[in-house]
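Comments concern the structure below.
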Amino acid sequence: MVDENPTRGIQRLVEEISECARETSMWTKRESFSQTTMAAIANVHRDRFLMPGYKNVAFANRPQPIGYGQTISQPYIVALMTDLLELKGSEQVLEIGSGSGYQAAVLAEILDDGHVYTIELVYELALRAERALRNFGYSNVTLKHGNGYHGWAQKAPFDAIIVTAASDRVPDPLVEQLKVGGRLAIPIGRPSSQQNLVVAYKDNAQSIYYEKLLPVKFVPFIHP
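Okay, here's the thing in structure tokens:
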């Protein structure tokens, strides 16, 4: 599938994401995503975050390789995880797994008065993502190279946390760095077994409640 016109490709992608939202509503309890989420998806040109050989399939609603055994997530999943955070625009958000920088860019589109802090384990991907985000004007994103298991204590607490790699559990440091009232989206499960997208909530008693949504497939979260 080749899209010579990015505007047309994005429009079709938005329509496909909306259709997927309806089809998966039995799991997610969301027949549609917010206008804010969908506007962010529409404003980010996914082709800018892919390797040159994959730009012709940039607006296909499926994951794509980005090198070093990593992938850029399916756009529907990016939209869903973004929507689950229920951002208003002024939050401090932590992302674990910068990858290509695409998810961070979608979050940054929403955070007019907020900031995205994102961590990438693979040094080469961190450099590439940081360069892309800087080149396309995302000044409200700060990226660092490292293992995200311990979060980013110096910038905590966070209103929301998003993890783009599958873990067998939610790392304790991330729970600790989540604000009261905050939301955390993470795929839970081992690479060789069932994974499920989970959203967690932190209440005033510092208790965490987990809601399992739908089956997913992510690269593994590398624990230190």
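So for the sequence shown, the numbering used here puts the first residue at 4; every next one is plus one. Cβ coordinates follow ideal geometry from the N, Cα and C atoms, glycine included. All of these numbers come straight from a predicted model, not from anything done at the bench.
Going by beta carbon distance, what residues of the same chain come within less than 7 Å of residue i, once the five residues before and after it are set aside?
{"i": "alanine 43", "result": "Thr85, Val109, Glu112, Ile113"}
{"i": "arginine 51", "result": "Ala135, Phe139"}
{"i": "glutamate 89", "result": "Arg186"}
{"i": "phenylalanine 8", "result": "A small fix is needed here, since residue 8 is asparagine in this sequence, not phenylalanine. Taken in chain order, the list of residues that qualify is empty."}
Excluding sequence positions up to five away, which residues of its chain have a Cβ less than 6 Å from the Cβ of residue i?
{"i": "leucine 87", "result": "Ala188, Val202"}
{"i": "leucine 177", "result": "Gly154, Ile164"}
In terms of alpha-carbon separation, which member of the options lies closest to residue i?
{"i": "lysine 158", "options": "Tyr141, Ala169, Glu179", "result": "Glu179"}
{"i": "serine 76", "options": "Ser93, His153, Tyr105", "result": "Tyr105"}
{"i": "aspartate 206", "options": "Asp175, Tyr126, Gly184", "result": "Gly184"}
Which value, in whole angstroms, describes the spacing of the CA atoms of residue i and residue j?
{"i": "valine 219", "j": "threonine 167", "result": "11 Å"}
{"i": "proline 55", "j": "arginine 33", "result": "34 Å"}
{"i": "asparagine 59", "j": "glutamate 98", "result": "27 Å"}
{"i": "phenylalanine 224", "j": "asparagine 150", "result": "9 Å"}
{"i": "alanine 107", "j": "glutamine 95", "result": "12 Å"}
{"i": "aspartate 171", "j": "leucine 200", "result": "12 Å"}
{"i": "isoleucine 13", "j": "alanine 208", "result": "42 Å"}
{"i": "threonine 145", "j": "threonine 121", "result": "6 Å"}
Under the rule that 16 or more other beta-carbon atoms within 10 Å means buried, what is residue i, buried or exposed?
{"i": "threonine 10", "result": "exposed"}
{"i": "proline 68", "result": "exposed"}
{"i": "tyrosine 79", "result": "buried"}
{"i": "glycine 72", "result": "exposed"}
{"i": "arginine 131", "result": "buried"}
{"i": "proline 190", "result": "buried"}
Beta carbon of residue i: closer than 7 Å to some heavy atom of the ligand NAP?
{"i": "glutamate 22", "result": "Looking at this structure, you won't find the ligand NAP or any other ligand, since it has none at all."}
For residue i versus residue j, is the C-beta spacing smaller than 8 Å?
{"i": "histidine 153", "j": "alanine 129", "result": "no"}
{"i": "isoleucine 20", "j": "alanine 82", "result": "yes"}
So is residue i in contact with chain D if we call contact Cβ pairs under 8 Å?
{"i": "tyrosine 120", "result": "Protein chains in the displayed structure number just one, and chain D is not present."}
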